[in-house]
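Residue numbers (the numbering used here): 1373 to 1520.
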């Protein structure tokens, strides 16, 4: 499991390097891609940043041409963030080959095997999210004072 997480981490680093963004920006792009469009507030909640930090993040991604802000048709005060065509094209280059390989692998698996893997991943994700919240709540360790 840890080796899988490390491989995922290395892949995410490589993808972010290709895009010229940091890991927080990469997580934001992932959230926006999965949701199609999000408000800044929803994005902040999903990636665990303050509203100010999220605004700065969106500004960075907008300058790089990966996202755009779009006013809500029903409520002009509300602004959504969505991916640009450029971001989608880059995503196809980075994730497309891996998605095709995964589809081939899934095609060789039985429905029961796929269901078991999905159940494990859902449970594992819940465990990780729970412990991420737990560790955040711990705060920083106590300072160690230097002894003379």
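For every residue, glycine included, the Cβ atom is placed at its ideal position computed from N, Cα and C. Because the structure is a prediction, the values reported are computed rather than measured.
- Shown here, residue 1456 sits in coil according to DSSP, grouped into three states, outside any helix or strand.
- As the crow flies, the alpha-carbon of residue 1445 is around 22 Å from that of residue 1403.
- The distance from the Cβ of residue 1458 to that of residue 1437 is about 5 Å, consistent with a contact at the 8 Å cut-off.
- Around residue 1432, the same chain offers 1393, 1397 as residues with beta carbons nearer than 8 Å, after the five sequence neighbours per side are excluded.
- Put simply, the backbone Cα of residue 1464 is about 11 Å away from that of residue 1472.
- The residue from 1453, 1386, 1434 with its alpha-carbon nearest to that of residue 1415 is 1453.
- In the structure shown, residue 1422 falls within a coil segment according to DSSP collapsed to helix, strand and coil.
- The Cβ atoms of residue 1412 and residue 1428 do not sit closer than 8 Å to each other.
- If you look at residue 1374, you'll find it in the alpha helix (DSSP H) that goes 1374 to 1391.
- With a 10 Å radius around the Cβ and a threshold of 16 neighbouring Cβ atoms, residue 1401 comes out buried.
- Taking C-beta atoms as the reference points, residue 1439 and residue 1422 fail to come closer than 8 Å.
- By the C-beta density criterion, residue 1461 is exposed, having fewer than 16 other C-beta atoms within 10 angstroms.
- In the three-state reduction of the DSSP assignment, residue 1449 falls in the coil class.
- Taking the CA atoms as reference points, residue 1482 sits about 45 Å from residue 1435.
- In this chain, the alpha helix (DSSP H) harbouring residue 1399 covers 1395 to 1407.
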